[in-house]
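Encoded as structure tokens, the structure appears first; notes follow it.
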Amino acid sequence: MSSGTTSLSGTAPIKPEYILAHSARAVPDDDAAEGSTSHVNGRPTDQIPPDDGQTRSRGGRKKWSKEERKNKRGANKGRRFQKVRDDLELCWRVAVGKTCEFGSE
């Protein structure tokens, strides 16, 4: 590999026939066809809101508590459990068929 190419550790050499030359292309001026100037960031310069010294909110992600992170993990994350409540709460002994030790309370 003494053909004048230098290779870094971890990179493979490229054959000269596969290397493309970089040529600067002239960008056509299509502003006349569009009827306006180009907007690099997606909005015209006259619509940029003035900077009043306040920092913009990043709109970043919400910090989740440990309990919320735990609830968002796993296969059953959309599963909701409902507690079954009776209209008349009975002593568990009465429900089984035995007599309640508290009487009729």
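Residue numbers for the sequence shown follow full-length UniProt numbering, so the first one is 1 and each next one is one higher.
Note that beta-carbon positions come from the ideal geometry of N, C-alpha and C, so glycine has one too.
For residue j and residue i, the rounded distance between their alpha carbons
{"i": "R25", "j": "G10", "result": "32 angstroms"}
{"i": "C91", "j": "A75", "result": "36 angstroms"}
{"i": "E17", "j": "P28", "result": "30 angstroms"}
{"i": "residue 120", "j": "I19", "result": "This structure gives no information on residue 120, because the portion of the chain shown stretches from 1 to 105."}
{"i": "G103", "j": "L88", "result": "16 angstroms"}
{"i": "P13", "j": "A21", "result": "16 angstroms"}
{"i": "residue 132", "j": "K15", "result": "This structure cannot speak to residue 132, because the chain is shown only from 1 to 105."}
Which of helix, strand or coil DSSP assigns to residue i
{"i": "M1", "result": "Unreliable positioning characterises M1 in this predicted model, as indicated by a pLDDT of 49, which lies under 50. The coordinate reading is nonetheless provided below. In the structure shown, M1 sits in coil (DSSP, three-state: anything other than H, G, I, E or B)."}
{"i": "W64", "result": "coil"}
{"i": "D29", "result": "coil"}
{"i": "N76", "result": "coil"}
Contacts around residue i, its chain only, beta-carbon distance under 7 angstroms, and the 5 residues preceding and following it disregarded
{"i": "V96", "result": "none"}
Other residues of its chain near residue i: CB distance less than 6 angstroms, five sequence neighbours each side excluded
{"i": "C100", "result": "C91, R93 and V94"}
Sequence-distant residues of the same chain with beta carbon closer than 8 angstroms to residue i, five excluded per side
{"i": "D86", "result": "none"}
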